[in-house]
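Report on one structure; see the data block that follows.
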Amino acid sequence: MAHPAKTDALRLLRCIDETQVKGRQGAKVDPPRAAQEVGLEVGSERYHDALGYLAEEGALLGDEHTEMHTEEVEGPQPRAYAVYVFTERAVVLLEEQEN
């Protein structure tokens, strides 16, 4: 049974907060580093689903200066960034998780 993207996303976000930003909105973060710490394989479908969830929720915004371009092999690929920004929405999601 696959883990829901939301569960993985919140684990990833919690790790980012605890190890990289400590609640600092606007801080640049490294999701692959956090993924390794929570046991998500970087590049896996689960990792991309979790990261996609956080991007859709507005918790992490891609730093436009670090956009990575990939060759399209099997259709359009989601936008990817080397660096993301931790947002106010990320703090709200973490607070909602605690309640």
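37 is the number that our numbering gives to position 35 of the sequence shown; each next residue is one higher, with no gaps.
No residue lacks a Cβ here, since even glycine has one placed at the ideal position from N, Cα and C.
No experiment lies behind these values; they were computed from the predicted model shown.
Here Asp32 is actually not in contact with Gly25; their C-beta atoms are around 17 Å apart, not less than 8 Å.
Sequence-distant Cβ neighbours of Pro34 in its own chain, meaning closer than 6 Å and more than five residues away, are Val44. Straight-line spacing of the CA atoms in Tyr83 and Ala61 works out to 14 Å. Per DSSP, the unbroken beta strand (DSSP E) holding Leu62 starts and ends at Leu62 to Gly64.
When secondary structure is reduced to three states using DSSP, Ala82 falls in the strand class. In this structure, DSSP gives Val44 a state outside helix and strand, which the three-state scheme calls coil.
Within the same chain, and ignoring the five residues on either side of Thr89 in sequence, the residues whose Cβ sits closer than 8 Å to its Cβ are Gln27, Gly28, Gly60, Ala61, Leu62 and Leu63. Ranking Val87, Leu96 and Leu12 by CA distance to the CA of Arg48 puts Leu12 first. When the Cα atoms are used, Val40 and Tyr55 turn out to be separated by approximately 16 Å.
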